[in-house]
Amino acid sequence: MSSGTVTRKLNIPRQKISPGDKLLSIFQTLLDDESPAILSAIADSLDRVRHSESSDDEFVKLLSDQEYVPEERKRLHIQNVINSFNYRRELLKDTVDVNQVMEILGYDSRQAPLNRLKAGSLIAIKDNQKWWFPLWQFDANTSDGIVDGLSRVLKALDCSNLAKVSWLVNPNPYFANSTPLYVLKTGDVERVVESAQSVGLVV
51 MSSGTVTRKL
61 NIPRQKISPG
71 DKLLSIFQTL
81 LDDESPAILS
91 AIADSLDRVR
101 HSESSDDEFV
111 KLLSDQEYVP
121 EERKRLHIQN
131 VINSFNYRRE
141 LLKDTVDVNQ
151 VMEILGYDSR
161 QAPLNRLKAG
171 SLIAIKDNQK
181 WWFPLWQFDA
191 NTSDGIVDGL
201 SRVLKALDCS
211 NLAKVSWLVN
221 PNPYFANSTP
231 LYVLKTGDVE
241 RVVESAQSVG
251 LVV
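Heads up, the sequence shown is in my numbering, so the first residue is 51 and it goes up one at a time.
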């Protein structure tokens with residue numbers, strides 16, 4: 051598998067160009083040669099930057115060529131926080147608590163689902179001091195009741211549980227805009243694991 055760290059020397063024009071054009075020049079150099087897995091990692095990294103709550107004004111100006119007055123920056127920051135909480139609530143829809151996981155998987159102990167969560171064979175998001183398990187990970191047709199290959203994908207993803215859930219359920223250009231979860235359920239485990247290993251590696 052290709053490394054997700056880009057080390058190639060880039061030849062950037064020395065004449066004065068806009069920050070946006072300079073950024074595009076860098077990306078064009080990378081995009082000409084990189085593998086689909088690395089391109090997917092670049093896209094994921096940029097998406098995290100785009101949704102970041104960072105207040106780094108210089109970086110915002112570099113990407114947008116636009117300056118914001120303090121009131122506008124505050125308004126955008128507040129809206130970004132609201133959007134983040136709304137998105138979190140979306141990810142928490144169609145989830146079940148530990149007691150319901152016990153019922154689904156036939157466990158007689160509350161600790162059993164938590165042990166699987168700790169081991170990385172289940173995924174859950176903590177909210178209001180409780181763990182909430184997305185229903186999409188359960189599959190009655192498998193030997194352990196969990197989507198085949200999910201454990202490998204979860205262990206390959208180097209990010210928070212919330213980010214793992216988000217990555218799994220959102221359309222991904224690497225999979226022709228299918229979600230990694232959909233591709234995983236079709237049985238293409240190796241391809242999803244390879245893509246998951248590249249998430250967060252681009253520097």
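Beta carbons: idealized from backbone N, C-alpha and C, even for Gly.
Closest Cα partner of residue i within the set the options
i, options, result
"Asp144", "Arg125, Trp182 and Asp177", "Trp182"
"Val239", "Val148, Arg202, Ser171 and Gln161", "Arg202"
"Val215", "Leu142, Arg160, Asn136 and Met152", "Leu142"
"Tyr137", "Pro163, Trp186 and Val219", "Val219"
"Trp186", "Asp177, Val151 and Gln161", "Val151"
Other residues of its chain near residue i: CB distance less than 7 Å, five sequence neighbours each side excluded
i, result
"Phe188", "Ile154, Gly195 and Ile196"
"Ala174", "Leu167, Trp181, Trp182, Phe183 and Asn211"
"Asp177", "Leu142"
"Asn165", "none"
Residue i to residue j span [Cα, whole Å]
i, j, result
"Gln179", "Ile132", "21 Å"
"His127", "Ser248", "29 Å"
"Ser228", "Glu121", "39 Å"
"Asn130", "Leu234", "31 Å"
"Phe225", "Gly237", "13 Å"
"Arg139", "Val146", "14 Å"
"Ser171", "Phe135", "26 Å"
"Ser193", "Asn149", "21 Å"
"Asp158", "Ala213", "30 Å"
"Pro163", "Ala169", "10 Å"
"Asn261", "Tyr232", "Residue numbering for the chain in the displayed model covers 51 to 253; residue 261 lies beyond these limits and cannot be assessed."
"Arg241", "Asn222", "13 Å"
"Gly156", "Val119", "57 Å"
Element boundaries [alpha helix (DSSP H), containing residue i]
i, result
"Lys235", "Pro230 to Lys235"
"Asn165", "Gln161 to Ala169"
"Ala190", "No alpha helix (DSSP H) holds Ala190; DSSP gives it neither H nor E."
"Ala246", "Val239 to Ser248"
"Ala213", "Asn211 to Val219"
"Val298", "Residue 298 is absent from the structure shown; the chain starts at 51 and stops at 253."
Own chain partners of residue i with C-beta closer than 8 Å, once the 5 adjacent residues on each side are dropped
i, result
"Lys124", "none"
"Val243", "Gly199, Arg202, Val203 and Ala206"
"Trp217", "Asp94, Leu207, Cys209, Pro230, Ala246 and Val249"
"Arg160", "Val148, Asn149 and Met152"
Identified DSSP bridge partners for residue i
i, result
"Pro184", "Thr145"
"Asn227", "Per DSSP, none; premise fails for Asn227."
"Asn222", "Ser228"
"Ile154", "Beta-bridge pairing links Ile154 to no other residue."
"Ile128", "Answer is none; Ile128 lacks a bridge partner."
Residue i: CB within 8 Å of a non-hydrogen atom of the ligand COA
i, result
"Ile173", "In the structure shown, the ligand COA is absent, as is every other ligand, since no ligand is present at all."
Endpoints, beta strand (DSSP E) assigned at residue i
i, result
"Asp177", "Ile175 to Asp177"
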